[in-house]
Amino acid sequence: MRAIQITEFGGPEVLTPVEIPEPVAGPGELLVEVSRAGVNYADTHQAEDSYLSRSALPLVPGGEVVGRASDGRRVVGLTGGGGGYAEWAVLPTATAWEVPDTVDDLSALSMVIQGATAWVLLRRSVHMARGDSVVVHAAAGGVGTIAVQLAKAWGAGRVIATASSKEKRDLALELGADVAVDAGVDDMKSALIEANGGKRVDVVLEMTGGRVTDDSLKALAPFGRLAFYGMASRELPSPIQPANLMSHSTTIAGMWLAHVFRLPGDVMRTALEELFGLVTEGRLRVIPGGEYPLSEARRAHEDMRARRTTGKLVLDPTR
Numbered sequence: 001m002r003a004i005q006i007t008e009f010g011g012p013e014v015l016t017p018v019e020i021p022e023p024v025a026g027p028g029e030l031l032v033e034v035s036r037a038g039v040n041y042a043d044t045h046q047a048e049d050s051y052l053s054r055s056a057l058p059l060v061p062g063g064e065v066v067g068r069a070s071d072g073r074r075v076v077g078l079t080g081g082g083g084g085y086a087e088w089a090v091l092p093t094a095t096a097w098e099v100p101d102t103v104d105d106l107s108a109l110s111m112v113i114q115g116a117t118a119w120v121l122l123r124r125s126v127h128m129a130r131g132d133s134v135v136v137h138a139a140a141g142g143v144g145t146i147a148v149q150l151a152k153a154w155g156a157g158r159v160i161a162t163a164s165s166k167e168k169r170d171l172a173l174e175l176g177a178d179v180a181v182d183a184g185v186d187d188m189k190s191a192l193i194e195a196n197g198g199k200r201v202d203v204v205l206e207m208t209g210g211r212v213t214d215d216s217l218k219a220l221a222p223f224g225r226l227a228f229y230g231m232a233s234r235e236l237p238s239p240i241q242p243a244n245l246m247s248h249s250t251t252i253a254g255m256w257l258a259h260v261f262r263l264p265g266d267v268m269r270t271a272l273e274e275l276f277g278l279v280t281e282g283r284l285r286v287i288p289g290g291e292y293p294l295s296e297a298r299r300a301h302e303d304m305r306a307r308r309t310t311g312k313l314v315l316d317p318t319r
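Going by UniProt numbering, the first residue of the sequence shown is number 1, and it counts up by one from there.
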C-alpha cells in the first residue's frame, strides 16, 4: 500500500512516500480503509521526535483517520502512535467511534482531535463559566476555530481571538469572536487587556509558547485560568514562580488529549456526541484548511509550520 514513512527524525523533508505491506489488525483492533487522514501540529513534533511520547523508527506518522472499517462501519479514530498517513490503518477499538451519516469526513476528523481538545480545554481544564472573557490564541487554527465557536455557544462574555494575519482575524470574527488581536503585537498583555475593555481576562487557551505564554499569564484576572496545550513556536516560556501564581490566584493547566482516556467514564464519547450534534444542527462550522495528496504530506507540514494554513488540514490517500 501507499504510505508516508520516516526513517530519520527531522523536519518536513523526512516525510517520504513509500510502498509498504498493509497492516494487520490484531485482537481489539480494527482495520480501516482510510478515506482521509488528519494532519496535526502533533505530527510535526512526532516527525522530529520532540513529542510528549517518543517514537521508534521506521515510522508511518499520523494519529487520526476516518474511513470504512473491515466490518463495513464508517468510523473515525485515533491510531495510538502513528500509522495514519497511509491507505490502510489499524485502530484500537477503544479509540474508534462511529460517524453519523450527517457528519462528513472533514468534520469527523476535525472533531476527533481538534474538537475534542477544544471541548476538554473549556469544559475541564479551565472550567469556563458563563460570562467569562476567553482568549483563544491561534484562533484560525484547527483547535482555535472550534474553541471560538464553543466558547461563544456556551455563553462566554467576551471572546478574544489572536491570529497572525488580517484574513485569519476576519475569520475569527466571522466565527463569533468579539474582537481579534494581531498575534505579532509587541505587548500581548496590554493588547489582551485593551481588547477586554480595559479589564484583565478570565481564561486563555494557549498553544504558542515563549513570550505569548508569558504575556498571557500577566493579562489574567484574579482567579484567571490558562490552559497550555502546545508549543508551536518551539520557544519555552519563562519559569513559573509559585509566588506569582499566588499574587493573582492564577491557575495554569496543561492538557494532553491522551490523558482523557484515563478518566472515569467515556469522556471522549460524551465530547464527540455533543460535537457531532452541534455539527449536524449547523451550530458548529468546520473550516477546511486544505486537502493534500498523500504524496504531498511534506508540503502540508511545511505549510502548517509556516502558518500558511487555517482550519483543518487533511491528506487524501487516493492521490
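The beta-carbon is built from N, C-alpha and C at its ideal position, and this holds for glycine as well. Note that the coordinates shown come from a computational prediction; the quantities given were computed from them, not determined experimentally.
Distance from the CA atom of residue 214 to the CA atom of residue 271, rounded to whole angstroms, is 30 Å. Residue 44: member of the alpha helix (DSSP H) spanning 41 to 47, first to last residue. A residue is called buried when at least 16 other Cβ atoms come within 10 angstroms of its Cβ; residue 241 does not meet this threshold and is exposed. Going by DSSP, residue 290 is part of the beta strand (DSSP E) stretching over 288 to 293.
Using a Cβ-Cβ distance cut-off of 8 Å, the region 162 to 182 and the region 112 to 128 are not in contact, since fewer than three pairs of beta carbons, one from each stretch, lie closer than that value. Between residue 37 and residue 14, the beta carbon gap of about 17 Å keeps them out of contact (Cβ cut-off 8 Å).
Take the alpha-carbon of residue 72 and the one of residue 289: they are about 28 Å apart. For residue 303, the closest of 31, 40 and 104 by C-alpha to C-alpha distance is 40. Rounded to whole angstroms, the gap between the alpha carbons of residue 181 and residue 1 is 45 Å.
Between the alpha carbons of residue 4 and residue 294 lies a distance of about 7 Å. Distances from the CA of residue 276 to each of 100, 6, 193 and 155 were compared; the closest alpha carbon is that of 100.
Collapsing the DSSP output to three states places residue 118 in a helix. With three or more CB-CB distances shorter than 8 Å, the region 58 to 72 counts as touching the region 12 to 32.
Following the DSSP letters along the chain, one finds residue 2 inside the beta strand (DSSP E) bounded by residues 2 to 5. At a cut-off of 4 residues, the continuous stretches assigned as alpha helix (DSSP H) that sit fully inside the region 204 to 291 are 210 to 218, 242 to 247 and 267 to 280. In this structure, residue 196 sits away from residue 217, with a CB-CB distance that is not shorter than 9 Å. The C-alpha of residue 10 lies about 31 Å from the C-alpha of residue 252. Around the beta carbon of residue 118, 16 or more other beta carbons lie within 10 angstroms, which makes this residue buried.
Note on geometry: alpha-carbon atoms of residue 126 and residue 229 lie some 12 Å from one another.
Non-local C-beta neighbours of residue 148 in its own chain, meaning closer than 7 Å and more than five positions away in sequence, comprise 136, 139, 159, 161, 172, 175, 176 and 177, ordered along the chain.
Taking 8 Å as the upper bound for CB-CB distance, residue 116 and residue 268 are in contact here, some 6 Å apart.
For the pair residue 246 and residue 151, the Cα-to-Cα distance works out to about 27 Å. Looking at the DSSP output, residue 162 sits in a beta bridge with 181. As a beta-bridge residue in DSSP terms, residue 89 pairs with 32.
Collapsing the DSSP output to three states places residue 139 in coil.
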